[in-house]
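**Student:**
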Amino acid sequence: MTAIIERENRWTLPDLTAARAWCRERNRQQIACTLHVLDEYTQSRTEVDAVTAAYRETIEGISGDGVDAAISVKLSSLGALFDADLAIGRSYELCKEAREHGVGFEIDMEGRDLVGTAIEAASLCARKGLPVTLALQAYLYRTPGDLRVLLALGVIPRFVKGAYLGDMEDLQDGTHDPVILPEIRSLMADHRDRITFGFLMGLSDRTKQEMAAGGWQVSEYVPFGKDAGPYVARRERYLRELDTAGRTAAE
127 MTAIIERENR WTLPDLTAAR AWCRERNRQQ IACTLHVLDE YTQSRTEVDA
177 VTAAYRETIE GISGDGVDAA ISVKLSSLGA LFDADLAIGR SYELCKEARE
227 HGVGFEIDME GRDLVGTAIE AASLCARKGL PVTLALQAYL YRTPGDLRVL
277 LALGVIPRFV KGAYLGDMED LQDGTHDPVI LPEIRSLMAD HRDRITFGFL
327 MGLSDRTKQE MAAGGWQVSE YVPFGKDAGP YVARRERYLR ELDTAGRTAA
377 E
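Its first residue numbered 127, the sequence shown is counted upward by one per residue in the numbering used here.
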């Protein structure tokens, strides 16, 4: 990165100002960004209101900057753990506002217990004619059936590699796998406009830059905010698990 952007760790940024600056730099490298507000597992409507306001500010910032970026929401941060209808309603409101500002909208996948809620939220957006992307866990038995339903509605799927075991662990993105990456690139070599490779900030920097320079569509997941502890802990645990298994992420 050519700009000096303050970072307390490799995985997240402290605030929206830093995230917007980071996105501008990544865009210069032909890499899009997906911005995510770090505020997980809200327990009250007041907390949900604060997260919603933060996303609205993010949408306006992306639109004002004119950058290639989307937002990604977790339903747990919009109240899904105590009021699923509230979370679905807020996700629809944010999706509608994002469309009005020309900003992409994604719903992230979380624990197994929230899969149905996430599909319901994405389906509502699609039925209302709004563009929406939903993360799907490639290893779940239910995913092929879910995929058929979502494609029929016009929902864009984003496949992630990890299968959750009923807890609230974050995604393990398959595009960091140095074995899978060459296979997918070979398979899609003549259809590069039909696939986007999503990476986490803090992993595989050389790979994502080389792929973007080579004409592939690449995006980077950029979490920001003060509630970084749980997210950072999951990322560090992921690296330890890779090391224990004798594996590494793509460089």
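The beta-carbon is built from N, C-alpha and C at its ideal position, and this holds for glycine as well.
Here the structure is a predicted model, which means the values were calculated and not measured.
Taking the continuous alpha helix (DSSP H) assigned at Ala354, which residues delimit it?
**Tutor:** Neither: Ala354 is in no alpha helix (DSSP H) and is coded neither H nor E.
**Student:** If the criterion is Cβ atoms closer than 8 Å, does the pair Leu260 and Arg238 meet it?
**Tutor:** Not a contact, by the Cβ cut-off of 8 Å.
**Student:** In chain order, what residues of the same chain have a beta carbon less than 7 Å from the beta carbon of Glu223, not counting five sequence neighbours either side?
**Tutor:** Correct list, in chain order: Arg182 and Ile185.
**Student:** For the ligand ZN, I want to know if Ala195 counts as a neighbour, meaning its beta carbon is within less than 7 Å of at least one of the ligand's heavy atoms.
**Tutor:** This structure lacks the ligand ZN, and indeed carries no ligand of any kind.
**Student:** Three-state secondary structure (DSSP) at Pro283?
**Tutor:** DSSP places Pro283 in strand when its eight states are reduced to three.
**Student:** Mapping DSSP to helix, strand and coil, what is Ile245?
**Tutor:** Reduced to three states, the DSSP call for Ile245 is helix.
**Student:** Rounded C-beta distance between Ala195 and Phe350? I'm assuming under 8 Å.
**Tutor:** Incorrect: roughly 12 Å between the Cβ atoms, too far for contact.
**Student:** Near Leu250, what residues of its chain come up, given a Cβ to Cβ distance below 7 Å and the 5 sequence neighbours on each side ignored?
**Tutor:** Answer for Leu250: Ile214 and Tyr218, listed in chain order.
**Student:** For Leu262, I'd like the list of residues in its chain whose CB is within less than 6 Å of its CB, leaving aside the five on either flank, ordered along the chain.
**Tutor:** Contacts found: Thr269, Pro283 and Phe285.
**Student:** For Cys221, is the classification buried or exposed, using 16 other Cβ atoms within 10 angstroms of its Cβ as the cut-off for buried?
**Tutor:** Cys221 is buried by the Cβ-count criterion.
**Student:** Buried or exposed for Ser345, please, with buried defined as at least 16 other CB atoms from any protein chain shown within 10 angstroms of its CB.
**Tutor:** That one is buried.
**Student:** For the stretch 138-216, list the beta strand (DSSP E) runs that are entirely contained and at least 3 residues long, ordered along the chain.
**Tutor:** Those beta strand (DSSP E) runs which fall completely within the stretch 138-216 and span 3+ residues are 157-163 and 195-199.
**Student:** Please state whether the Cβ-Cβ distance between Leu201 and Val174 is less than 8 Å.
**Tutor:** Contact flag unset, no.
**Student:** Note down the Cα distance separating Ala371 from Leu365, rounded to an integer number of angstroms.
**Tutor:** C-alpha separation (whole angstroms): 10 Å.
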